[in-house]
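Novice: Have a look at the structure that comes next, please.
As C-alpha cells, then:
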C-alpha cells in the first residue's frame, strides 16, 4: 500500500505534485491545520504530515496519530511541533534548514542597510511631503567591522556578502574551526572581543539555553558606542528592554529586528523608537524561499517514506538514500541482534555495549545504535522504533556504549552486542553475507552460522549424546515441523547450543515438556520480524 501524506497548511502545487510523482498518496487540505479538532479526527489515516507554521503538532494531536511516521516542516522553525512528544511516539520530525538560507541572509543585509541609512524613517518623511535631507545622516558599511554571532549556514552567507561590501568581518561561533574561518575570510574571535570591536552586530544562532539573551544588558554594555544591531534569527536572543534603554541612551545607534521574543508582536518596548527598524518575521518571505522549502520538504518526506532515507531530522540521525541502500541489511541485523538480547532477558538491563568491527565501523553508527536499542526494547514495548528507542532507553537509565575497531577476524565486518544486568552479561554477534541476509555468527562466545527465521527455538545444554534426538522426538510428538537446525558448542563435553527453525510459533506446553527433561539449561522460543 502506498504511503499517504496530509498537507494541512499552504504548500505550493509543485510540492504537492512531487508527492504524487513519487508514488505517495497526498491529500491537500491547507485550511485543516487551523482546525485542531478536525485535524485530530483524520490524522490517524496518514503516514506523513506536511506543515508550515499554522498547524500545531501538539502532544494531543500526536496521541491521535496512530499511523504517523514523519512530520515535515517547510521551513526552519519547529516551535509548532512538540518534538519530545513526537520522539516518544516514534515520529520523525524534519525541517528544511537550507531552503531559505539565502533569503534570510539577504534580509539581514537589507536590515543592516536600513539601520545604517535610516531608510524607513526617510521613506515615511518623504511620503509625508517633507524634504528633510539634512535630518537623515547615515553611515557607510564600507570598511566597517561586522560582528557575526553564529557563522553557520546563514551566518556564513552573511559573512560572504559583507566581505563583498568590503566590510571587515569578525565571527564568534564555538563550532567554527580555524580552517572554516579562513575559507570564509573572517577572523574568529571570542564574544567579548567581537562586542568591543564591531560597528555592526548581526545574530545567526538558534535559541537555546546558552544563547538566550546572548545580548543581555551586561553584554550590550560591552559593545562599542554607536554600534548597530541586527537580528533576523530568533526572538529571545536579545534582552529587548535592555536594548531599548541602550537605544534611548544613544549607546546603541540603531537596531533592526525581524524577530521578537513574543510573536505575533503587537506591542514591544522597541516599537516606535526612531532609531529602530522592525519587520514582521519576513526573513524567509520571498517567492523563491517559500517554493524551495516546500519542494525540499516534499522530497525529504517522500525519500523517507519510500526508501528510509532521513534528511534534516531533528530527533533521529540522518541517513542518506545511499546510506539507506547500503545499510539496510546491517540495520536489519542490528535490530535482530537487539531482539535476540531482548528476548533472552527478563531482568532489568543496566547497559548495552555495541562493538562494530571492520567495514561496518565506518557506517552511520547512530542509526545502527538506534536499531539495536529498538530491537532490545521492542520485546517489552512493541511501539518502540528507531526514533523513540534512545529516549526510552535513557528514561530507563540504560547506559549505551559504542566501540569501533578495524577488521580483526574472519569476517570483513560484524556487530557484537553485549547486554549487562545485575547478575550477568550476555552477548551475540552477527554479520551480513554477500546475499544481504543477516546471520548470527556467535552466541555466548560460541561460534555458529545461523540464519534468522521468523520462528526459532534456542536451547543450551551440556554437550552429551541424545540431545538432537530428544529435540526431534519432542517436536514430532507435538506435531511441530522443524524446517532446519543449527548447532554449536564451545568444546567436546562443554556447553552446546541448538537453534531450531520452526514453521510456526511454539506452544508453551512444548517448552515445558523440554524443560521437564532436565537436559537443558535454557529453552527459549524466539520470534523475529524477517519480512
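In my numbering, the protein residues as written are -10 to 520.
Here a beta-carbon is modelled for each residue, glycine too, at the ideal position from N, C-alpha and C.
1. Please classify residue 126 as buried or exposed, where buried requires at least 16 neighbouring CB atoms within 10 angstroms.
2. Would you say residue 157 and residue 191 are within 7 Å of each other, going by their C-beta atoms?
3. Quick one: using the 10 Å Cβ neighbour count with 16 as the cut-off for buried, is residue 509 buried or exposed?
4. Nearest by alpha-carbon distance to residue -2: which of 12, 9, 23 is it?
5. Roughly how many whole angstroms lie between the Cα atoms of residue 327 and residue 65?
6. Check the DSSP bridge columns for residue 16 and list the partner residues they point to.
7. Within the continuous beta strand (DSSP E) that includes residue 450, where are the two ends?
8. If contact is defined by three or more beta carbon pairs under 8 Å, each pair taking one atom from either stretch, is the segment 258 to 268 in contact with the segment 55 to 71?
9. How many angstroms separate the CA atom of residue 35 from the CA atom of residue 14?
10. Which partner residues does residue 59 have in the DSSP bridge list?
11. Using only the alpha-carbon positions, how far apart do residue 11 and residue 37 sit?
12. Can you check DSSP and say which residues form a bridge with residue 176?
13. Which same chain residues, not among the five before or five after residue 102, have their C-beta less than 8 Å away from its C-beta?
14. Looking at the secondary structure, which residues open and close the beta strand (DSSP E) in which residue 513 lies?
15. Could you tell me which whole beta strand (DSSP E) segments of length 3 or greater appear in the segment 294 to 353?
16. Quick one: Cα of residue 112 to Cα of residue 166, how far?
17. Considering just the uninterrupted stretch of the alpha helix (DSSP H) at residue 416, what are its terminal residues?
18. Is residue 208 closer than 7 Å to residue 184 when the C-beta atoms are compared?
19. Locate the alpha helix (DSSP H) running through residue 102, then write down its first and last residues.
20. Let me check understanding here. Comparing Cα to Cα, which of 438, 417, 434, 432 lies closest to residue 426?
21. Where residue 370 and residue 251 are concerned, what is the direct C-alpha to C-alpha distance, given to the nearest angstrom?
22. Going by the DSSP bridge assignment, what does residue 477 pair with across the sheet?
23. For residue 138, which residues does DSSP report across the bridge?
24. With a cut-off of 8 Å, do at least 3 Cβ pairs link the segment 408 to 420 to the segment 312 to 331?
25. Would the C-beta of residue 153 count as close to the ligand HEM, meaning under 6 Å from any of its heavy atoms?
26. What whole-angstrom Cβ distance do residue 376 and residue 159 have, given they're in contact under 8 Å?
27. Within the segment 349 to 416, note down every full beta strand (DSSP E) run reaching 3 residues or more, in order along the chain.
28. Do the CB positions of residue 50 and residue 29 come within less than 7 Å of each other?
29. Just the Cα atoms here: how many angstroms apart are residue 477 and residue 346?
30. How far does the alpha helix (DSSP H) with residue 208 in it reach, from first residue to last?
31. Could you give the C-beta distance for residue 203 and residue 244, rounded to a whole number, given that I count them as a contact under 8 Å?
32. Would the beta-carbon of residue 70 fall within 7 Å of that of residue 104?
33. Flag this pair as touching only if the segment 327 to 342 and the segment 404 to 416 have three or more C-beta atom pairs under 8 Å; answer yes or no.
34. Entirely within the segment 219 to 260 and at least 4 residues each: give me those alpha helix (DSSP H) ranges in chain order.
35. Would you check if the distance between the CB atom of residue 448 and the CB atom of residue 512 is smaller than 7 Å?
36. Touch check for the segment 299 to 306 and the segment 83 to 92: three-plus C-beta pairs under 8 Å?
Specialist: With the structure as the only source:
1. Numbered from 1 along the chain shown, position 137 holds the residue referred to as residue 126. Exposed, by the Cβ-count rule.
2. One-based indexing of the chain shown puts residue 157 at position 168. One-based indexing of the chain shown puts residue 191 at position 202. If you check the CB distance, residue 157 and residue 191 do not come in under 7 Å.
3. For the purposes of this step, residue 509 is identified with residue 520 of the chain shown, where counting begins at 1. Looking at its Cβ environment, which holds 16 or more other Cβ atoms inside 10 Å, residue 509 is buried.
4. Here residue -2 refers to the residue found at position 9 of the chain shown. When 12, 9, 23 are compared, the shortest CA-CA separation from residue -2 is found for 23.
5. Looking up residue 327 in the chain shown gives position 338. Looking up residue 65 in the chain shown gives position 76. Roughly 34 Å between the two C-alpha positions.
6. For the purposes of this step, residue 16 is taken as the residue at position 27 of the chain shown. According to DSSP, which records beta bridges pairwise, residue 16 is partnered with -5.
7. In the chain shown, counting from the first residue as 1, residue 450 sits at position 461. Element bounds for residue 450: 444 to 451.
8. Short answer: they don't touch.
9. For the purposes of this step, residue 35 is identified with residue 46 of the chain shown, where counting begins at 1. For the purposes of this step, residue 14 is identified with residue 25 of the chain shown, where counting begins at 1. For residue 35 and residue 14, the gap between their C-alpha atoms comes out near 9 Å.
10. If you number the chain shown from 1, residue 59 lands on position 70. DSSP lists 37, 81 as partners of residue 59.
11. Position 22 of the chain shown, counted from the first residue, corresponds to residue 11. Position 48 of the chain shown, counted from the first residue, corresponds to residue 37. Using only the alpha carbons, I get a separation of about 14 Å.
12. Mapped onto the chain shown, residue 176 falls at position 187. Answer by DSSP bridge pairing, in chain order: 159.
13. Position 113 of the chain shown, counting from 1, holds the residue named residue 102. Beyond the five residues adjoining it in sequence on each side, residue 102 comes within less than 8 Å, by CB distance, of 108, 130 in the same chain, given in chain order.
14. Here residue 513 refers to the residue found at position 524 of the chain shown. Looking at the DSSP string, the run of the beta strand (DSSP E) that includes residue 513 is 509 to 516.
15. With a minimum length of 3 residues, the unbroken runs of beta strand (DSSP E) contained wholly in the segment 294 to 353 fall at 340 to 347.
16. Translated into the one-based positions of the chain shown, residue 112 becomes position 123. Translated into the one-based positions of the chain shown, residue 166 becomes position 177. Taking the straight line from one Cα to the other gives about 42 Å.
17. Position 427 of the chain shown, counted from the first residue, corresponds to residue 416. First-last for residue 416: 414 to 421, but that is the beta strand (DSSP E), not the alpha helix (DSSP H).
18. Translated into positions along the chain shown, residue 184 becomes position 195. Translated into positions along the chain shown, residue 208 becomes position 219. Against a cut-off of 7 Å, the Cβ pair of residue 208 and residue 184 comes out as a contact.
19. Start at 1 with the first residue of the chain shown, and residue 102 comes out as number 113. Boundaries of the alpha helix (DSSP H) harbouring residue 102: 90 to 106, taken from the DSSP string.
20. Locating residue 426 in the chain shown gives position 437, where the first residue counts as 1. Relative to the Cα of residue 426, the nearest Cα in the group 438, 417, 434, 432 belongs to 438.
21. Working through the chain shown from its first residue, we reach residue 370 at position 381. Working through the chain shown from its first residue, we reach residue 251 at position 262. A straight line joining the alpha-carbon of residue 370 with that of residue 251 spans about 40 Å.
22. Position 488 of the chain shown, counted from the first residue, corresponds to residue 477. Residue 477 pairs with 486.
23. Walking along the chain shown from the start, residue 138 turns up at place 149. Its beta-bridge partners are 161, 192.
24. The segment 408 to 420, when compared against the segment 312 to 331, does touch it at the 8 Å Cβ threshold.
25. No copy of the ligand HEM appears in this structure; indeed no ligand is present at all.
26. What you label residue 376 is simply residue 387 of the chain shown in a count that begins at 1. What you label residue 159 is simply residue 170 of the chain shown in a count that begins at 1. Actually they are not in contact, since the Cβ atoms of residue 376 and residue 159 sit about 40 Å apart, beyond 8 Å.
27. Runs found: 388 to 394, 402 to 409.
28. Numbered from its first residue, the chain shown carries residue 50 at position 61. Numbered from its first residue, the chain shown carries residue 29 at position 40. Yes, the pair counts as a contact, with Cβ atoms nearer than the cut-off.
29. On the chain shown, residue 477 is found 488 positions in, with the first residue counted as 1. On the chain shown, residue 346 is found 357 positions in, with the first residue counted as 1. Rounded to whole angstroms, residue 477 and residue 346 show a C-alpha spacing of 22 Å.
30. One-based indexing of the chain shown puts residue 208 at position 219. Segment 206 to 210, the alpha helix (DSSP H) holding residue 208.
31. Working through the chain shown from its first residue, we reach residue 203 at position 214. Working through the chain shown from its first residue, we reach residue 244 at position 255. Contact doesn't hold; Cβ gap of about 15 Å is too wide.
32. Taking the first residue of the chain shown as position 1, residue 70 is located at position 81. Taking the first residue of the chain shown as position 1, residue 104 is located at position 115. No, the Cβ-Cβ distance between residue 70 and residue 104 is not below 7 Å.
33. The segment 327 to 342 makes contact with the segment 404 to 416, as at least three CB pairs between them are under 8 Å.
34. With a minimum length of 4 residues, the continuous alpha helix (DSSP H) runs that stay inside the segment 219 to 260 are 229 to 238.
35. Residue 448 sits at position 459 when you count from the first residue of the chain shown. Residue 512 sits at position 523 when you count from the first residue of the chain shown. Cβ atoms of residue 448 and residue 512: closer than 7 Å.
36. Touching, yes, given that three or more Cβ pairs across the two stretches are closer than 8 Å.
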